[in-house]
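2 protein chains.
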Amino acid sequence: MDGEGSPPSVEQGSGEQDDVSATTRKRRDRSKTIVSERKRRVRMKEKLYELRALVPNITKMDKASIIADAVVYVKNLQAHAMKLKEEVAALETQPMSPAVRQQHQQQQQKQNAAAGRRQQGRGGAPSADSDGEEGSPGPAGARVTHVGATQVGDGRFFVTVECERRDGVAAPLCAAVESLACFRVESSSLGRSGPDRVVSTHVLMVHTHEKNKFFVVRSN
Amino acid sequence: MDGEGSPPSVEQGSGEQDDVSATTRKRRDRSKTIVSERKRRVRMKEKLYELRALVPNITKMDKASIIADAVVYVKNLQAHAMKLKEEVAALETQPMSPAVRQQHQQQQQKQNAAAGRRQQGRGGAPSADSDGEEGSPGPAGARVTHVGATQVGDGRFFVTVECERRDGVAAPLCAAVESLACFRVESSSLGRSGPDRVVSTHVLMVHTHEKNKFFVVRSN
DNA sequence: GAAGACACGTGATTC
DNA sequence: TGAATCACGTGTCTT
Numbered sequence: 001m002d003g004e005g006s007p008p009s010v011e012q013g014s015g016e017q018d019d020v021s022a023t024t025r026k027r028r029d030r031s032k033t034i035v036s037e038r039k040r041r042v043r044m045k046e047k048l049y050e051l052r053a054l055v056p057n058i059t060k061m062d063k064a065s066i067i068a069d070a071v072v073y074v075k076n077l078q079a080h081a082m083k084l085k086e087e088v089a090a091l092e093t094q095p096m097s098p099a100v101r102q103q104h105q106q107q108q109q110k111q112n113a114a115a116g117r118r119q120q121g122r123g124g125a126p127s128a129d130s131d132g133e134e135g136s137p138g139p140a141g142a143r144v145t146h147v148g149a150t151q152v153g154d155g156r157f158f159v160t161v162e163c164e165r166r167d168g169v170a171a172p173l174c175a176a177v178e179s180l181a182c183f184r185v186e187s188s189s190l191g192r193s194g195p196d197r198v199v200s201t202h203v204l205m206v207h208t209h210e211k212n213k214f215f216v217v218r219s220n
Numbered sequence: 001m002d003g004e005g006s007p008p009s010v011e012q013g014s015g016e017q018d019d020v021s022a023t024t025r026k027r028r029d030r031s032k033t034i035v036s037e038r039k040r041r042v043r044m045k046e047k048l049y050e051l052r053a054l055v056p057n058i059t060k061m062d063k064a065s066i067i068a069d070a071v072v073y074v075k076n077l078q079a080h081a082m083k084l085k086e087e088v089a090a091l092e093t094q095p096m097s098p099a100v101r102q103q104h105q106q107q108q109q110k111q112n113a114a115a116g117r118r119q120q121g122r123g124g125a126p127s128a129d130s131d132g133e134e135g136s137p138g139p140a141g142a143r144v145t146h147v148g149a150t151q152v153g154d155g156r157f158f159v160t161v162e163c164e165r166r167d168g169v170a171a172p173l174c175a176a177v178e179s180l181a182c183f184r185v186e187s188s189s190l191g192r193s194g195p196d197r198v199v200s201t202h203v204l205m206v207h208t209h210e211k212n213k214f215f216v217v218r219s220n
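Laid out in structure tokens, this is it:
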């Protein structure tokens with residue numbers, strides 16, 4: 001309780017026989033634990049740097065922020081990996097002759113930002129892609145070429161929107177995602193998926209009081 | 001050097017009337033820093049638990065091992081995602097004559113066989129949503145708390161903008177960045193930098209014909 | 001000078 | 001018994 005400093009000052013000079021052994025033992029023990037603790041700190045710091053090296057988008061060098069950035073990065077990565085896996089599965093099971101694939105690409109011009117609870121893989125279609133209506137001209141005029149949504153956790157969804165790459169597309173894209181009132185944007189990122197395509201990925205969290213409105217549409 | 005001075009009883013006669021104020025100030029400062037440091041530790045620990053909840057196979061609860069496990073997990077996840085992405089690209093662009101597809105499937109099987117241990121998120125982690133988010137009913141108009149810009153290449157700049165966390169901040173943030181007419185947004189991402197802060201990072205590319213208009217302002 | 005981050009040495013606890 | 005991990009308060013350094 002009383003945080004009084006134990007003075008490490010030496011009181012030698014009087015006792016000889018076991019006094020010396022006691023003090024030496026104590027001191028040796030102290031230095032051992034000290035160096036051990038130091039090594040422990042170094043180990044953790046190195047691991048932290050190692051982690052930081054793996055995470056792109058490091059915002060602050062701050063120790064806690066490194067872990068925080070790693071957390072959101074891992075979340076995005078997990079979601080992305082899951083989505084890719086499903087995509088692979090879908091592509092593998094569907095033979096997709098060239099004609100069909102071409103049609104598929106053309107058909108994927110959907111720009112529904114209000115894709116609320118509309119994911120019904122009807123007829124056992126395992127695709128998580130929601131089927132939108134006709135693509136109306138976007139806010140910036142860029143056509144959306146792909147929209148995907150996948151549940152990646154309890155009330156958490158991974159959403160990807162791909163559209164043409166034009167100047168000023170990011171803001172309406174973010175606005176569209178944020179306009180989903182029952183979601184909260186947990187993280188989002190924008191990058192290029194081709195010479196003329198940008199893709200924005202988001203992790204959305206359902207507001208807790210709306211959680212029961214959503215359910216999973218399992219693919220298989 | 002040896003920081004003594006805990007006894008708040010008497011100071012030497014140098015101070016006339018500052019004796020009480022000096023000790024009070026010192027003590028207040030002490031407790032302030034103490035509680036601040038304590039909060040820092042708590043923050044880091046929470047972030048660490050949050051990270052641990054994301055990593056499926058946690059070997060030891062040890063603090064450094066958590067980061068180590070996270071490191072190897074992120075490495076695996078990155079590799080896995082890259083492989084999946086290549087796979088998707090290959091599947092999408094292949095004309096897929098029957099022979100080719102068969103070969104591809106064989107290759108697929110080999111990959112699956114080689115990847116003996118699979119780590120798929122399974123570790124039923126309890127909901128680590130430590131942050132009780134509150135519905136702040138604010139429209140846009142969140143205050144920007146930090147802006148940074150660094151040149152990271154030839155005509156390429158890394159820009160960070162931090163502001164208050166409100167619903168719907170991402171879109172105006174992107175709009176603001178995109179409104180810089182002489183830049184093109186190469187990539188951008190949005191995440192949280194604190195319980196009440198969001199930070200958006202962007203990589204901007206100067207349009208080539210404007211490149212000579214910009215130069216570096218070195219900070220230190 | 002106030003605030004924040006970090007490394008340090010140390011007491012407590014666990015295996 | 002020691003080795004190892006953690007939380008703590010503190011000094012120092014940078015904003």
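Line by line, the protein sequences are chains B and Y. Counted from 1, the first sequence has number 119 at position 119 by the UniProt record's numbering; the numbering is strictly sequential. Counted from 1, the second sequence has number 189 at position 189 by the UniProt record's numbering; the numbering is strictly sequential. For each residue, glycine too, the CB sits at the ideal point set by N, CA and C. In this text the structure is predicted, and so the values were computed from the model without any measurement.
Does DSSP put valine 88 (chain B) in a helix, in a strand, or in coil? Helix at valine 88 (chain B).
Using the Cβ count rule (16 or more neighbours within 10 Å means buried), how would you classify alanine 89 (chain Y)? By the 10 Å Cβ count, alanine 89 (chain Y) comes out exposed.
Within its chain, find whatever has a CB closer than 7 Å to the CB of alanine 114 (chain Y); leave out the 5 residues flanking it on each side and keep chain order. Because the pLDDT of alanine 114 (chain Y) is 42, which lies under 50, any placement of that residue in the model is unreliable, and the number read from its coordinates should be weighed accordingly. Counting only Cβ-Cβ distances below 7 Å, and skipping sequence neighbours, we find nothing.
In this structure, how does DSSP classify residue 271 (chain B) when only helix, strand and coil are distinguished? For residue 271 (chain B) there is no data in the structure shown, the boundaries of chain B being 1 and 220.
Relative to the C-alpha of aspartate 62 (chain B), which candidate in Y:Pro56, Y:Lys47, Y:Ala68, Y:Glu186 has its C-alpha closest? Of the candidates Y:Pro56, Y:Lys47, Y:Ala68, Y:Glu186, the residue whose Cα lies closest to the Cα of aspartate 62 (chain B) is Y:Lys47.
Is leucine 204 (chain B) close to chain Y, meaning its C-beta is less than 8 Å from at least one C-beta of that chain? Taking Cβ atoms only, chain Y never reaches closer than 8 Å to leucine 204 (chain B), which makes this a no.
Comparing the C-beta of alanine 170 (chain Y) with each C-beta of chain B, is any distance below 8 Å? Answer yes: the Cβ-Cβ gap between alanine 170 (chain Y) and chain B drops below 8 Å somewhere.
Under three-state DSSP, which class holds serine 179 (chain B)? The three-state reading of DSSP puts serine 179 (chain B) in coil, since its state is none of H, G, I, E or B.
Give a yes or no on whether the minimum CB-CB distance between cysteine 174 (chain B) and chain Y is below 8 Å. At least one CB of chain Y lies nearer than 8 Å to the CB of cysteine 174 (chain B).
Beta-carbon proximity of valine 144 (chain Y) to glutamate 162 (chain Y), cut-off 8 Å: Taking 8 Å as the Cβ cut-off, valine 144 (chain Y) and glutamate 162 (chain Y) qualify as a contacting pair.
So which residues of chain B does threonine 185 (chain Y) contact, with C-beta pairs closer than 9 Å? According to the sequence provided, residue 185 (chain Y) is valine. The question's threonine does not apply to it. Proximity of chain B to valine 185 (chain Y) at the Cβ level (cut-off 9 Å) is accounted for by Asp167, Gly168, Val169, Ala170, Leu190, Val198, in chain order.
Cα-Cα separation, lysine 45 (chain B) to arginine 165 (chain Y): Each residue's alpha carbon lies about 30 Å from the other.
Determine the extent of the beta strand (DSSP E) in which valine 199 (chain Y) is found, giving its start and end residues. In the DSSP assignment, valine 199 (chain Y) falls within the beta strand (DSSP E) that extends over 197-206.
Closest to histidine 202 (chain Y) by C-alpha separation, out of B:Pro195, B:Ala171, B:Glu86, B:Lys83, would be which residue? Histidine 202 (chain Y) has its Cα closest to that of B:Ala171, out of B:Pro195, B:Ala171, B:Glu86, B:Lys83.
Since valine 169 (chain B) is in the beta strand (DSSP E), which residue starts that stretch and which ends it? Looking at the DSSP string, valine 169 (chain B) is not in any beta strand (DSSP E), and its letter there is neither H nor E.
Chain-ordered neighbours of lysine 63 (chain B) on chain Y, where CB pairs are closer than 7 Å: Taking a Cβ-Cβ threshold of 7 Å, the residues of chain Y close to lysine 63 (chain B) are Met44, in chain order.
Going along chain Y in order, which residues have a C-beta closer than 7 Å to the C-beta of alanine 142 (chain B)? Ordered by position in chain Y, no residue passes the 7 Å Cβ test against alanine 142 (chain B), which lies about 12 Å from the chain.
Are the beta-carbon atoms belonging to isoleucine 58 (chain Y) and isoleucine 66 (chain Y) less than 8 Å from one another? Cβ atoms of isoleucine 58 (chain Y) and isoleucine 66 (chain Y): closer than 8 Å.
Residues that isoleucine 67 (chain Y) contacts on chain B, provided the C-beta gap is smaller than 8 Å: In chain order: Met44, Lys47, Leu48, Glu50, Leu51, Ile67.
Of the residues Y:Lys39, Y:Cys174, Y:Met205, the one placed nearest leucine 190 (chain B), counting alpha carbons only: Ranking the options by Cα distance to leucine 190 (chain B), first place goes to Y:Cys174.
By a C-beta neighbour count over all protein chains shown, 10 Å radius and 16 as the cutoff for buried, is lysine 32 (chain Y) buried or exposed? Lysine 32 (chain Y) counts as exposed, since fewer than 16 other beta carbons sit within 10 angstroms of its beta carbon.
Short CB-CB distance (under 8 Å) between histidine 146 (chain B) and chain Y: False, the Cβ-Cβ gap to chain Y never drops below 8 Å.
Under the DSSP definition of a beta bridge, which residues are partnered with glycine 155 (chain Y)? Answer is none; glycine 155 (chain Y) lacks a bridge partner.
Reducing DSSP to helix, strand and coil, say where valine 72 (chain Y) ends up. Helix.
Using three-state DSSP, classify valine 185 (chain B) as helix, strand or coil. Three-state result, valine 185 (chain B): strand.
Cβ of valine 198 (chain Y) within 8 Å of Cβ of serine 188 (chain Y)? No, the pair does not count as a contact, with Cβ atoms beyond the cut-off.
Taking 8 Å as the CB-CB limit, is lysine 75 (chain B) close to chain Y? Yes, lysine 75 (chain B) counts as interfacial toward chain Y.
Contact under 8 Å by Cβ, leucine 91 (chain B) with leucine 91 (chain Y): Leucine 91 (chain B) is a Cβ neighbour of leucine 91 (chain Y), given a cutoff of 8 Å.
Return the Cβ separation of arginine 43 (chain B) and alanine 142 (chain Y) in integer angstroms, given the expectation that the two are a contact with Cβ distance under 8 Å. The Cβ separation is near 40 Å, so there is no contact.
Residue-chain proximity (lysine 85 (chain B), chain Y), Cβ-Cβ < 8 Å: Contact with chain Y is found for lysine 85 (chain B), since one of that chain's Cβ atoms lies less than 8 Å from the residue's Cβ.
Name the one or two DSSP bridge partners that arginine 192 (chain Y) has. DSSP lists Y:Val198 as the bridge partner or partners of arginine 192 (chain Y).
Please decide whether valine 161 (chain B) counts as near chain Y, where near means a Cβ-Cβ distance under 8 Å. Not one chain Y Cβ lies under 8 Å of valine 161 (chain B).
Show which residues of chain Y have a CB atom less than 8 Å away from the CB atom of valine 71 (chain B). Correct list: Lys47, Glu50, Leu51, Leu54.
Where serine 9 (chain B) sits in the DSSP three-state scheme: Because serine 9 (chain B) sits at a pLDDT of 38, beneath the cut-off of 50, its placement in the model cannot be relied upon, and the following sentence gives the value as read from the coordinates. Serine 9 (chain B) carries a coil assignment under DSSP once its states are collapsed to helix, strand and coil.
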